[in-house]
Each structure stands twice: as C-alpha cells, then as structure tokens.
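To start, the structure under review is shown below, and the notes come after it.
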Amino acid sequence: MAAKPIVAATDGSEESLRAVDWAAREAVLRGAPLRIVTAAALLPRMVGSQGQSHYEVVTDVIRDASDAALSAAAARATKVAADLLIDTDHLAGSPAEAVTNAGSGALMLVVGSRGVAAFAAMVLGSVSRYAATHAASPVVVVREETGAAHRQVGVGIGSVEGNDAALDFAFEEAALRKASLVAVHAWHTPQLDVSRTGHTPAGATADVFQTEAARELERLLDEWREKYPGVQVSQDVVHGHPGRTLAGLSARADLVVLGRRPPHHGPGTVTHAVLNHAHGPIATVPSS
C-alpha cells in the first residue's frame with residue numbers, strides 16, 4: 002500500500018469485527034487503504050509443525066483461527082465499502098507489541114475493547130490497553146459502537162498546554178464527519194492549576210475557577226476555530242470527575258479524543274477510567 006493506511010486489529014471476536022467496521026468507514030472518510038492485522042502468539046515452548054503431518058497440532062489450530070479471523074474481518078470491511086483497498090497480514094511476536102508496532106506510520110490504529118477468551122494469546126483486551134498507551138500513532142478503541150451518527154466529536158482538555166495533537170485530530174475528525182465539536186474540561190476542586198498560573202491565590206472559589214477555566218479554554222479554541230471555520234465549536238467546563246465526565250460524553254458523541262502522555266508516564270487515571278467505562282469509540286493521540 003503506497004498511501005498511509007488505517008490499521009485495524011482483529012482476533013475473530015465480535016468486538017474486534019466492530020472495530021474493523023469502524024476502521025473501514027474511517028478509511029472511506031479519509032480516502033485511505035485499510036490494513037487488517039492479527040497476532041496470535043504461540044504459547045511458551047510451542048513450535049510450529051515441521052514438514053508434512055496427517056495430524057493437526059495446537060499451532061495449526063491457532064493459525065487456522067487466525068486465517069479465519071482475517072477472512073471474516075476482510076469480508077466485514079468489504080461489506081462496509083466494496084471498493085475499499087484492503088490488505089491482510091499475520092503478525093509475529095507478542096500480540097500487544099506486534100499490534101502496537103503495526104500502527105507505526107499509519108494514520109491510526111483501531112482495536113476492539115476486548116477479544117475472545119478461547120486462547121489466552123489471542124485476547125485483544127490487553128492488546129488494546131497496551132496499544133492505547135504505547136503506539137506512535139493515534140489509537141481508537143471501539144466500545145459498544147452502535148453505528149448511529151450523533152454528528153458530534155468530543156475532546157477532553159486537561160490543561161491549556163500540550164493539546165495540539167489531540168485538538169488537530171479532533172477537529173479533523175469533526176470536519177470529515179461534518180460534525181460539531183465540543184471541548185470539555187472537567188475538574189475536581191476549586192483550586193487553580195498551579196502549573197498554569199504559577200500560584201494559587203487564597204480564597205479562590207469554585208465560581209472564580211469556573212470562569213477562569215472557561216476563559217482559558219475559549220482562548221485555546223480560538224486558534225482552531227480559525228483553522229477549521231466549517232466546524233461548529235462549543236465548550237463545557239464541568240465540576241466533576243474527568244474520567245466519569247468524558248465516559249458520559251462518549252454516549253452522545255461519535256468519537257471522544259484524549260491527548261496521551263509518553264508511555265513512561267503511565268496511562269493516566271483519566272485515560273484508564275475512560276477506556277474502562279466508555280460507551281463508544283475513544284481515540285488516544287500521542288503528543289507531538
């Protein structure tokens with residue numbers, strides 16, 4: 002494939018096939034090819050069968066299951082878009098690392114929230130969590146996708162700085178979908194962010210913080226409004242748990258976008274909470 006593809010991982014589970022459906026629709030939106038991958042690692046001390054044999058061994062069964070997973074996924078993608086350019090690949094090595102590395106250089110990597118339980122090596126749940134926090138590309142984790150269009154993209158804003166990549170991705174998605182965009186900042190306490198202002202004035206109230214946060218969010222979004230004049234933009238400053246707030250947003254948005262810190266910082270409690278409790282697709286975007 003010459004153009005950058007969208008990569009979707011499958012293990013044959015219905016969850017991963019829904020992710021393939023989502024990835025196929027996204028590929029059509031972006032005019033991109035679709036690469037479908039699967040990774041079923043051999044268990045420790047397992048080796049593939051050598052030469053001709055009249056008997057199937059466990060590794061043959063796993064390979065057959067992988068072949069079937071790729072065939073089913075390609076069929077699902079073709080049903081979504083008959084003219085879509087599709088490539089399929091078996092990946093070698095640890096499933097989590099292999100799938101994550103497959104997203105390198107891609108427009109995005111799309112995974113299901115969890116996978117089948119028949120083979121421990123093929124469970125996609127652990128793969129999706131690893132990919133969502135380690136991949137070099139944006140990662141979309143598809144949960145409970147219904148296919149109903151809400152015409153809205155949400156983006157979580159934790160602080161004023163470090164949001165460029167997430168905002169760029171979110172605005173592009175909104176523009177492609179002809180959807181509105183809502184930027185949400187949720188906070189726990191009325192204290193001002195010391196890292197942002199350099200001090201926390203005594204007597205700061207929740208109302209003061211709410212007003213200041215709304216003003217800063219408005220200033221942050223002005224630049225992106227200029228870049229994407231066709232996208233209707235709104236903002237919401239919420240007093241509540243960020244993870245719970247953004248998971249709730251996912252029930253009424255086509256996609257919720259979160260910025261992602263480098264892997265050595267860990268997944269972050271907000272990202273962890275949203276991935277666990279989301280009602281729809283969640284994108285994690287590495288900072289540029």
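According to my numbering, the sequence shown is numbered sequentially starting from 2.
Just so it is clear, CB atoms sit at the ideal spot from N, CA and C, and this is done for glycine as well.
Contact between Ala133 and Thr39 is absent: CB atoms are separated by about 18 angstroms, not below the 8 angstroms threshold.
Scanning Ala274, Leu250 and Tyr229 for the CA closest to the CA of Gly281 turns up Leu250. Going by beta carbons, Thr89 and Ala107 fall outside the 8 angstroms limit.
In the structure shown, the three-state DSSP call for Gly249 is helix. In the structure shown, the three-state DSSP call for Thr11 is coil. Rounded to whole angstroms, the gap between the alpha carbons of Arg36 and Gly94 is 18 angstroms. Contact check for Leu259 against Arg130 fails: the beta carbons are separated by 8 angstroms or more. For the 8 angstroms CB-CB criterion, Val141 and Val111 form a contact. Distances from the CA of Val154 to each of Glu174, Thr79 and Asp22 were compared; the closest alpha carbon is that of Glu174. Comparing alpha-carbon positions, the option among Ala25, Leu177, Glu16 and Leu71 lying closest to Ala41 turns out to be Leu71.
Along the length of the segment 65 to 151, whole alpha helix (DSSP H) runs at least 4 residues long occupy 96 to 103 and 125 to 135, reported in chain order. With distances taken between CA atoms, Lys5 lies nearest to Glu27 out of Ala99, Glu27, Gly241 and Asp12. Rounded to the nearest whole angstrom, the CA to CA distance from Ala184 to Phe170 is 13 angstroms. When Asp223, Pro287 and Ile63 are compared, the shortest CA-CA separation from Gln236 is found for Asp223. It is roughly 13 angstroms from the alpha-carbon of Leu30 to the alpha-carbon of Asp84. CA-CA distance, Pro243 to Gly157, rounds to 8 angstroms.
With contacts defined as CB atoms closer than 8 angstroms, Ala150 and Asp255 qualify as a contacting pair. Within the DSSP secondary-structure output, Arg36 pairs in a beta bridge with Val8 and Asp88.
Nearest to Glu162 by alpha-carbon distance, out of Val257, Glu217, Ser138 and Asp208, is Glu217. The beta carbons of Ala214 and Trp188 sit about 7 angstroms from each other, so the pair counts as a contact at 8 angstroms.
Distance from the CA of Gly241 to the CA of Val62, rounded to the nearest whole angstrom, comes to 49 angstroms. Judged by DSSP secondary structure, Asp169 falls within the alpha helix (DSSP H) whose first and last residues are Asp165 to Arg178. Nearest C-alpha to His135 among Glu98, Ala33 and Gln211: Glu98. The DSSP-derived three-state label of Arg261 is strand. Per DSSP, the continuous alpha helix (DSSP H) segment holding Gln211 begins and ends at Ala207 to Lys228.
Rounded to whole angstroms, the gap between the alpha carbons of Gln211 and Leu221 is 15 angstroms. Boundaries for His189: no beta strand (DSSP E) harbours it, and the DSSP string shows neither H nor E there. Contact between Ser127 and His91 does not hold, since the beta-carbon distance rounds to 19 angstroms and is not under 8 angstroms.
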